[in-house]
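Under mature numbering (1 follows the signal peptide of the UniProt record, and there is no 0), the residues of the sequence shown are numbered -27 to -1, 1 to 727, in order. In what follows, a single structure is set out as structure tokens and then discussed.
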Amino acid sequence: MIKKRIARLVIGTMLFSCLFGPSAALALDGSTTVTPVPNLPKIDIVQPASPTTNAGNVSSVWFYPTRDFIIADEPPAVGPDGTVYLGFNYYAIVTLVGSLSAVTSGGERQWEYKIPDYPLLTAPAVGPDGVVYVGTGVVKYNEGTLIAVNPDGTKKWSVPLGPVSSRPVFGEDGTVYVAVSDGTLHALHPSDGSEKWASELGIVTTAYMAIGQDGTIYVGNGSDTLYAVKPNGSIKWTYQAGGVVNTVPAVGLNGMIYVGAADRKLYAISPSGKKEWEHDLGGTPFSPIVGADGTIYAGASDQTVYAIRPDNGLKWKTVFSKAITSTAIGPNDTIHFLTADGMVQALNLTDGSLQWRYGISTPDQIIAPAVGNDGTVYAIGMMKTVLTLYAFRVKVTGISLNKSSTALQIGASESLSAVLTPVNASNRKVIWSSSNSGIAAVDSTGRVSAVSAGKATITAKTEDGGKSASCEVTVSNFPGAIVVDSVTVSPAELSLQAGKSARLKAAVTPADATNRQVTWSSSNLAVAQVNESGQVTGKAPGTAVVRVTTADGGFIAVSKITVLPGTAAPAPDIFSDIGGHWASGDIMTAYDRHIVNGYPDFTFRPDGSVTRAEFVVMLMNGLKPDVPAAETAFSDKDEIGIWAQSSVSQALQLGIVSGYPDGTFRPGANITHAEMAAAVFHASGLAPAGIVKTGYTDDASIPEWAREAVSSIEKMGIIVVGGKTAGTFAPSALSTRAEAAAWIVRMLEVKEEG
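Structure below.
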């Protein structure tokens, strides 16, 4: 019976705190008089509504009954994937039992984890890795644990620390910071709960914590002092307020810390610990929150929600005739809370006007709501005698695009915009897709890029409700463009052993077609696989058809692939790190032709960068020019290694490379895609393409001095950026060793064929 009375006292205290925010459990003066403030804007007074009266276009999406005779602790927590975590205590015969439940975003029970030994003292908190943390214990006996539960409902670890009555906060590296009722702040490793350090702060009641972008932990409550603790556990600074610091601190975009105290003031403290301003409220403030524009929002015991600008000016305030809970911001410009008449409220962040409200039957004490990333509001209410979790959302009813059709030339782009109805729909996420990204591609923001001639349909689909709208995009060649009229692939038939690779070549006609980009596919990936550069790898005995399709016109050619059983174990690659790499075939060809070498540890480092000097050596190794070396006039010639001096001299005499306007060659600088394209084009000795427009989605970013070279070798099929022949060219991106080897090999093949 003693334990039962103690448990009821603990839970009752927490519920009282939930009614008026953390401050109410410590100090309430009972006043509901609004303190006059000079030159206030118009105040919107929201009149109380009956529990059965709803307003606005909100819908009750679902409700989840938990179980009979449950005493709720605090608001639920919402994970990044939308899972809702409920922590509660209930009586099983004469024993108080804690439980943690996971409910899907659709309102279905996922799992329930029974808490051993002690009742819950905190609401759940979700870490950056999705692990759920709850604090347990009995203060009188100075016993309790912090429990970590995996997202699948299995126990990860638990650590006996003493009564854990404070929700933990998390560092960028995952460190778990948790305060215990004996006044100690602990830093724990997230992997196993082992302790990094402990710091004695002397806070002997519930601690309310937040963490700054620099890792500083801000801790308040139990006294008039706000603590700033460094990530190593030492005290950075303390600030003494005019009353008990009784709210969870909020950290603004500029690092400013906002905290409320029992003297009815909201304080703004700089990251250095200096008070910037204080704002008198009409009641004891609840935990503040900060909007995206820096506005600070806080409810108070005077039944008022305040919006305060970062410069301490009052933006607006909304007064209610009933007690309110602390507030939560949604992703759709609304602020949410409950009033004591059982109304779930949503106000506009801009002016404090009512967006919607929904009446539910609540427990004796109202509990603050939680808001998911998709704007769903979760509130605790009663359905008959059963404590129930309700989900509310302003549903999407329709979507439209600013255009139903549009026309673009190859290389151009345009942004489509989607309008959702109603305008205050909670989940405004839109998923964009293209019926043919080879003709018109679209990114996650609705920006459409014209890739090749043809028609494609761009579709915008709402995540909430699956409503959709579409736009037909017609892509045309730019004036003077030469269109593709056919494609062939060689060899038309290919036999190779399992584990071996060979490269197919696609010939687009006419040879000077503007867009020569192609895509490759295999009819049977279990037999033969093909990458974006046409390299075929035998996987298992059998037959498959490899298809090449032109981006312009969609012309198709095929090669029949026969994979034979391997007669012996395949010979290992010369290099240990190119297996499965898109350029492995080209790298081996370059090695066999004495164009490239590896490193002493038998690696090639295909994704490593390549310097200007290294690339020139590769290029000259491929060309093998009969040109005697001569001394160069570069001002930094002494920086060119002996191993590269002859090659640099030859490339300079052949007009393949040049220096910079300041007379330097910069041998140690990493070569870019644009620079490499210019060198490869000059080395090819082939005539330039007649049209300098490319098919790359970032054509506009190609510098003029490189445009002719890029356009020409693109049409020759030489350029492969990261294993892809289409998409972006990224002219300023640093070239890789794999790209350098592939471009040189392909250039030599084109040169030899021509």
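Idealized CB from N, CA, C, for every residue including glycine.
For residue i, the residue or residues it bridges with in DSSP
i: residue 316; result: 312, 332
i: residue 107; result: 120
i: residue 181; result: 193
i: residue 200; result: 192, 211
i: residue 413; result: 423
i: residue 382; result: 449
i: residue 168; result: 161
i: residue 281; result: 269, 287
i: residue 128; result: 122
i: residue 493; result: 521
i: residue 133; result: 118
i: residue 476; result: 508
i: residue 466; result: 533
i: residue 327; result: 320
i: residue 433; result: 405, 442
i: residue 356; result: 359
i: residue 633; result: Per DSSP, none; premise fails for residue 633.
Residue burial classification, residue i (beta-carbon count within 10 angstroms, cutoff 16)
i: residue 333; result: buried
i: residue 20; result: For residue 20, the pLDDT reaches just 35, beneath the cut-off of 50, and the residue's location in the model is therefore unreliable, although a value from the coordinates is still provided. Answer is exposed; the Cβ neighbour count stays below 16.
i: residue 743; result: One cannot answer for residue 743 here, as it falls past the ends of the chain, which runs -27 to 727.
i: residue 672; result: buried
i: residue 636; result: exposed
i: residue 795; result: For the chain, the structure presents residues -27 to 727; residue 795 sits outside this window and is missing.
i: residue 678; result: exposed
i: residue 717; result: buried
i: residue 714; result: buried
i: residue 502; result: buried
i: residue 237; result: buried
i: residue 339; result: buried
i: residue 101; result: exposed
i: residue 290; result: buried
i: residue 719; result: buried
i: residue 248; result: exposed
i: residue 567; result: exposed
i: residue 394; result: exposed
i: residue 111; result: buried
i: residue 67; result: exposed
i: residue 730; result: Only positions -27 to 727 of the chain appear in this structure, which leaves residue 730 out of reach.
Cβ pair residue i, residue j closer than 8 Å
i: residue 724; j: residue 657; result: yes
i: residue 346; j: residue 425; result: no
i: residue 448; j: residue 413; result: yes
i: residue 599; j: residue 639; result: no
i: residue 704; j: residue 685; result: no
i: residue 161; j: residue 132; result: yes
i: residue 621; j: residue 586; result: yes
i: residue 351; j: residue 302; result: no
i: residue 259; j: residue 211; result: no
i: residue 225; j: residue 263; result: yes
i: residue 739; j: residue 584; result: The question about residue 739 has no answer, for the chain in this structure spans -27 to 727.
i: residue 300; j: residue 282; result: no
Residue i, DSSP secondary structure in three states
i: residue 615; result: helix
i: residue 345; result: coil
i: residue 627; result: coil
i: residue 339; result: coil
i: residue 705; result: coil
i: residue 728; result: Lying before the first or after the last residue shown, residue 728 is absent from the chain, which here runs from -27 to 727.
i: residue 404; result: strand
i: residue 154; result: coil
i: residue 362; result: strand
i: residue 711; result: helix
i: residue 594; result: helix
i: residue 621; result: helix
i: residue 697; result: strand
i: residue 374; result: strand
i: residue 226; result: coil
i: residue 564; result: helix
i: residue -4; result: Bear in mind that the predicted position of residue -4 carries a pLDDT of just 29, short of 50, making it too unreliable to give a figure here.
Please go through the region 635 to 694 and give each complete alpha helix (DSSP H) segment of 4 or more residues, from N-terminal end onward. Counting whole runs of 4 or more residues, the region 635 to 694 contains the alpha helix (DSSP H) stretches 646 to 657, 677 to 688.
Would you mind listing the beta strand (DSSP E) stretches within the region 249 to 279 that are 3+ residues and don't spill past its ends, in chain order? 269 to 273
Contained beta strand (DSSP E) runs [length at least 3] in the region 504 to 562, N- to C-terminal order: DSSP runs (the beta strand (DSSP E)) wholly in the region 504 to 562: 508 to 511, 515 to 523, 529 to 537.
Uninterrupted beta strand (DSSP E) stretches inside the region 24 to 103 (no shorter than 3 residues): 32 to 41, 43 to 45, 57 to 65, 68 to 76, 82 to 88
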